[in-house]
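Each residue of the sequence shown is one higher than the one before, counting from 49 in the working numbering.
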Amino acid sequence: MVNADVPHDPAKALEYKESGNKCFQAGDYVQAEALYSKAINHDPSNPLLYTNRSMALLKLHLYPRVILDTRHAISLLPHNMKAYFQLAQAQIALGDPSSALTSAKKAHEFCVEECMSGGKGASSIGPITELVLRAKKEDWERKVPDWCVDDITFSVMLDPTKTGQSYDRSSIMEHLRRSPTDPLTREPLQVSDLRPNLALRAACEEFLQENGWAVDW
């Protein structure tokens, strides 16, 4: 919360921010958060101060406050890679992988844009990509039953075939072009050995009809 009685003073805000950075680097996240809050009081329209404070709040596991700060930072600077990245971390920590995936994808989009324009995004692309994959995996595991998932591509099977183990036809055909073996058992396997799994196909089709979002995974 901003103290309206504190005079607007960007220079003073910068002093508090730099002191907060030193505390953060020393591992004193409580003091860092307090100093960033003082900086915000002196310059409440600076989006970078909110992402600095939310960085400390993440370390303190105060995730609801992280969400408030990052959303405010985004309202001040919509193309805010750091804010979306921190927001995604808080959302996944609070058990909301679906929202985290949306936020992480935004962070990734802005990170790529920054890289292409010669900015500093290159150092962030790895952690952001990892977070996208983690959120996608957690969201997937929460929603998609194991029997729908192809063990080669980890997507929902559209045309299951059975060889003992069921695979989607397109993925097993692609695998057999590279290696005439079962992907899991490594035993010899030919295209002629494949048989349609009609019961599983019907079940997968029903699942996709009821959960259209799964087609995009």
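We put the beta carbon where it would ideally sit given N, CA and C, even for glycine.
Note that the structure is predicted; figures quoted are calculated from it, not measured.
Between the C-alpha atoms of residue i and residue j, what's the straight-line distance to the nearest angstrom?
i: K168; j: Y111; result: 26 Å
i: H223; j: K185; result: 23 Å
i: E157; j: S146; result: 17 Å
i: F255; j: G166; result: 44 Å
i: K60; j: L125; result: 21 Å
i: Q73; j: I122; result: 24 Å
i: A250; j: S203; result: 16 Å
i: D57; j: E178; result: 38 Å
i: D207; j: Q257; result: 14 Å
i: G143; j: D230; result: 36 Å
i: R243; j: W188; result: 27 Å
i: Y215; j: L96; result: 48 Å
i: L83; j: R101; result: 9 Å
i: M103; j: C71; result: 12 Å
i: N94; j: T209; result: 57 Å
i: R226; j: M205; result: 20 Å
i: G75; j: A141; result: 21 Å
Helix, strand or coil, according to DSSP, for residue i in the structure here?
i: S218; result: helix
i: P175; result: helix
i: P58; result: helix
i: P95; result: helix
i: P236; result: strand
i: P126; result: coil
i: P112; result: helix
i: P145; result: helix
With a threshold of 6 Å on Cβ separation, who are the neighbours of residue i within its own chain once the five nearest residues in sequence on each side are excluded?
i: L120; result: Residue identity differs from the one stated: residue 120 is His in this sequence, not Leu. Taken in chain order, the residues that qualify are Y98.
i: A170; result: C163
i: H127; result: F158
i: P176; result: Residue identity differs from the one stated: residue 176 is Ile in this sequence, not Pro. Here the set comprises F133, A155, H156 and C159.
i: N69; result: none
i: R217; result: D207 and T209
Ignore the nearest five residues each way along the sequence and tell me which others in residue i's own chain have a CB closer than 7 Å to its CB.
i: S151; result: Y132, L135, A136 and Q139
i: M164; result: none
i: P228; result: P236, L237 and Q238
i: V54; result: N89 and H90
i: K130; result: T99
Which whole-angstrom value is the C-beta distance of residue i and residue j, which I expect to be below 8 Å?
i: D117; j: L105; result: 7 Å
i: K153; j: V180; result: 6 Å
i: A148; j: A183; result: 4 Å
i: D198; j: S219; result: 5 Å
Within the same chain, show all residues whose beta-carbon is closer than 8 Å to that of residue i, passing over the 5 residues directly before and after it, in chain order.
i: L108; result: Y77, V78 and E81
i: V239; result: M221 and L224
If we define contact as Cβ-Cβ less than 8 Å, is residue i a contact residue for chain B?
i: L97; result: Of the protein chains in this structure there is only one, and it is not chain B.
Within 8 Å, do at least three Cβ pairs link the stretch 61-69 to the stretch 86-104? With a cut-off of 8 Å, the stretch 61-69 and the stretch 86-104 count as touching, because enough Cβ pairs lie within range.
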